[in-house]
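Okay, structure first, notes after.
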Amino acid sequence: MYDVMVVDDETFILEGIASMVNWEKCGTHAPVKAYNGQMAYDLIQKKPPDIVLTDIKMPGLNGIELIEKVYDTFPAVRFIVLSGYDEFEFAKTAMKCGVKHYLLKPSNEEKIEEAVGDIVQELDQAGEKEAFIENMREHLNNIIPKAKEQFLREFIINKKFDIKEWRYYQELFGFEKQWKSFRLIGFVLDDSVEYESLFMLKEMLKNEITACQDILLATIISERIVLLVEDSGVQTLIDHIKNVKEDWKDLQQSSFTTSVTSTGSITDLHLLYQEILEGLSHRFYLGRGGIVTSEDIKDDNHEFKGLTMDHESLLVAVRSGNEEEASEYLDYCFQALKKARFDVQVVRSHCLELYMSLIRQTDSASMEQLFDHVTMFHTFTTLPEMEVFMKETAVGIAEKNYTNQKNTQNQLVKEVMNYAKEHLDDEALSISGIASDVFYMNSDYLGKLFKKETGEKFSTYLMKERMERAKGLMDQTEEVKMFEVAEKVGFGNNPRYFSQVFKKHTGHTPSEYKKEG
Numbered sequence: 019m020y021d022v023m024v025v026d027d028e029t030f031i032l033e034g035i036a037s038m039v040n041w042e043k044c045g046t047h048a049p050v051k052a053y054n055g056q057m058a059y060d061l062i063q064k065k066p067p068d069i070v071l072t073d074i075k076m077p078g079l080n081g082i083e084l085i086e087k088v089y090d091t092f093p094a095v096r097f098i099v100l101s102g103y104d105e106f107e108f109a110k111t112a113m114k115c116g117v118k119h120y121l122l123k124p125s126n127e128e129k130i131e132e133a134v135g136d137i138v139q140e141l142d143q144a145g146e147k148e149a150f151i152e153n154m155r156e157h158l159n160n161i162i163p164k165a166k167e168q169f170l171r172e173f174i175i176n177k178k179f180d181i182k183e184w185r186y187y188q189e190l191f192g193f194e195k196q197w198k199s200f201r202l203i204g205f206v207l208d209d210s211v212e213y214e215s216l217f218m219l220k221e222m223l224k225n226e227i228t229a230c231q232d233i234l235l236a237t238i239i240s241e242r243i244v245l246l247v248e249d250s251g252v253q254t255l256i257d258h259i260k261n262v263k264e265d266w267k268d269l270q271q272s273s274f275t276t277s278v279t280s281t282g283s284i285t286d287l288h289l290l291y292q293e294i295l296e297g298l299s300h301r302f303y304l305g306r307g308g309i310v311t312s313e314d315i316k317d318d319n320h321e322f323k324g325l326t327m328d329h330e331s332l333l334v335a336v337r338s339g340n341e342e343e344a345s346e347y348l349d350y351c352f353q354a355l356k357k358a359r360f361d362v363q364v365v366r367s368h369c370l371e372l373y374m375s376l377i378r379q380t381d382s383a384s385m386e387q388l389f390d391h392v393t394m395f396h397t398f399t400t401l402p403e404m405e406v407f408m409k410e411t412a413v414g415i416a417e418k419n420y421t422n423q424k425n426t427q428n429q430l431v432k433e434v435m436n437y438a439k440e441h442l443d444d445e446a447l448s449i450s451g452i453a454s455d456v457f458y459m460n461s462d463y464l465g466k467l468f469k470k471e472t473g474e475k476f477s478t479y480l481m482k483e484r485m486e487r488a489k490g491l492m493d494q495t496e497e498v499k500m501f502e503v504a505e506k507v508g509f510g511n512n513p514r515y516f517s518q519v520f521k522k523h524t525g526h527t528p529s530e531y532k533k534e535g
């Protein structure tokens, strides 16, 4: 409903318009009345209405002067001008202030209602357009950070973009300046990896490192936090990373390993990422919580750099319980190793690192048992022996993860259903609210999981439960009141809407259901 003001110095006309027009039908509140232009302007300054219906000829501040003054301060206020035949030329000057609606005196209530209705329709359309634009703006604001992270992932992992494409994305994402030299920093947790812990550590690192230099982008790639930073002194970076290490130890009682690369141009990001992988691969030898720089590894065997591979797809397959995909990946991996014919110790070291990554994809008890098998890597004399061992390990972990995830998913859906039954009276109950406020999960994932396990959307299940609860309440007593039932099944103070939904789902209104019962 919109606010309206009527302005006219002739009292009987003012009162007539105010009383005869069906304002509610037009979509407005009853009008505020002003008996001259100055009074109208004073009232508008205190609380500007949406629509003003004004006469032109008035003592003191006339209608045109009122329109001009209001337009300067409140340009959103819409005007309808009442004028006589001899005033029409005078009224046309109001067009400069955007006035589109003119009524000749005398004007009946039907014409006034039609003019007010036109403006109400214009205001509705403007509101819808503004809401649409705001929704799109919010949607873009949510998408851009995710797109930036995805862009970094693609650029440093697959090297899909050239310098021209980089400049396009730089403009798209609003990067503030062009840097000529970059550095990548990689981090991995030394204990069991959970996404929440990775996200928390990423935010702590961003907050700390931003104090000494700009961070262009940050992302998580296969259990690794990767920061793209402006080139600056390595020691300053290390000092800030050490600060985070202390805070992380106090907070989580654990540690993380860091790899700081050398510097390079934008086209070198893929090579810098390989440098990160090489640096992090030294964790097994350096121990927990180490910081590896490019200086630490520059004299290492260069053959090892050629063997460095990112086994993200294998770890994802094992973690998600996909036995077949894990087995196929290892077939491909070991076939590549056979063709390459790297030094035996290099292959042994690489497979040992991969084995350590694999066993971290299971629970802590199983990981401890599998860790005891590390010594077997020193007993293998042929690559096929090592391949069989790695496959058995990967497939075994994948099989266990599949069983655990299936059980966990079933239990999670049961908990969602139980929570819904216990809170049917909550009008705002939704899968997104349950996901964020109760289980601290991604709402899209929980919604898809619920549908996968039950065969129906959560909203459909919720409405069925509410209707069954409503029928149960109505069966309990003859004197049940529909507004009470509506409140208890999540329809708040809207029993009319509850009645409509009840009939849609049962084929009967609540009253009909009670009679038949």
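Per our numbering, residue 19 is the first one in the sequence shown, and the count goes up by one each step. Note that the Cβ used here is the ideal one computed from N, Cα and C, for glycine as well.
For residue i, the first and last residue of its enclosing beta strand (DSSP E)
i: Phe205; result: 200–207
i: Glu248; result: 242–248
i: Ile239; result: 233–239
i: Val50; result: 50–52
i: Tyr458; result: No beta strand (DSSP E) contains Tyr458, which DSSP labels as neither H nor E.
i: Ile309; result: 309–311
i: Thr72; result: 69–73
i: His119; result: 119–122
i: Phe509; result: Run containing Phe509: none; DSSP gives neither H nor E here.
i: Leu100; result: 96–101
Where the alpha helix (DSSP H) through residue i begins and ends
i: His258; result: 252–270
i: Thr478; result: 476–494
i: Thr276; result: No alpha helix (DSSP H) holds Thr276; the beta strand (DSSP E) holding it covers 274–282.
i: Met19; result: Note, Met19: premise wrong, no alpha helix (DSSP H); not H, not E.
i: Phe217; result: 213–227
i: Arg366; result: 362–377
i: Met76; result: Element bounds for Met76: n/a, residue is neither H nor E.
i: Thr397; result: It is not in any alpha helix (DSSP H) - Thr397 carries neither H nor E in the DSSP assignment.
i: Ala36; result: 29–38
i: Phe389; result: 382–389
i: Asp349; result: 341–358
Residue i vs residue j beta-carbon contact at 7 Å
i: Asp209; j: Ser272; result: yes
i: Met76; j: Asn40; result: no
i: Met492; j: His523; result: no
i: Val117; j: Val95; result: no
i: Ile243; j: Lys220; result: yes
i: Arg306; j: Asp249; result: no
i: Asp68; j: Asp21; result: yes
i: Val16; j: Glu341; result: With the chain covering only 19 through 535, there is no way to say anything about residue 16.
i: Gly102; j: Lys123; result: yes
i: Thr281; j: Ser199; result: yes
i: Leu287; j: Phe173; result: yes
Cut-off 7 Å between Cβ atoms - residues of its own chain near residue i, not counting five sequence neighbours on either side
i: Val252; result: Val278, Thr311
i: Lys409; result: Ser345, Leu348
i: Ala446; result: none
i: Ala335; result: Glu343, Ala344, Tyr347, Ala416
i: Met404; result: Cys369, Phe398
Same chain, Cβ closer than 6 Å to residue i, neighbours up to 5 away in sequence not counted
i: Leu245; result: Ile203, Ile233, Ala236
i: Ile151; result: none
i: Pro66; result: Phe92, Val95
i: Asp26; result: Leu32, Asp73
i: Gly339; result: Ala416, Asn419, Tyr420, Gln423
i: Leu480; result: Ala438
Residue i beta carbon near the ligand ZN (any heavy atom closer than 6 Å)
i: Thr29; result: Ligands in the displayed structure: none, and consequently the ligand ZN is not present.
Presumed contact (8 Å Cβ cut-off) between residue i and residue j, rounded CB distance
i: Leu355; j: Val365; result: 6 Å
i: Arg514; j: Leu442; result: In fact, because the Cβ distance is near 19 Å, the residues do not count as touching under 8 Å.
i: Phe274; j: Phe217; result: With 8 Å as the limit, Phe274 and Phe217 do not qualify as a contact, their Cβ atoms being about 13 Å apart.
i: Ile227; j: His258; result: 5 Å
i: Glu131; j: Lys43; result: 7 Å
i: Ile82; j: Phe97; result: Not confirmed; about 10 Å, so no contact.
i: Phe352; j: Leu401; result: 7 Å
Outcome for residue i when other beta-carbon atoms lying within 10 angstroms are tallied against a minimum of 16
i: Phe30; result: exposed
i: Asn425; result: exposed
i: Thr380; result: buried
i: Met19; result: exposed
i: Tyr458; result: exposed
i: Met23; result: buried
i: Tyr291; result: buried
i: Pro528; result: buried
i: Gly465; result: buried
i: Lys166; result: buried
i: Leu223; result: buried
Same chain, Cβ closer than 8 Å to residue i, five either side skipped, listed in chain order
i: Thr46; result: Met19, Tyr20, Asp21, Val22, Asp68, Ile69, Val134, Val138
i: Ala36; result: Val24, Ala48, Pro49, Lys51
i: Lys64; result: none
i: Tyr303; result: Residue confidence for Tyr303 is low, a pLDDT of 42 falling below 50, so the modelled location carries little weight; the figure read from the coordinates is stated next. Cβ within range, chain order: n/a, list empty.
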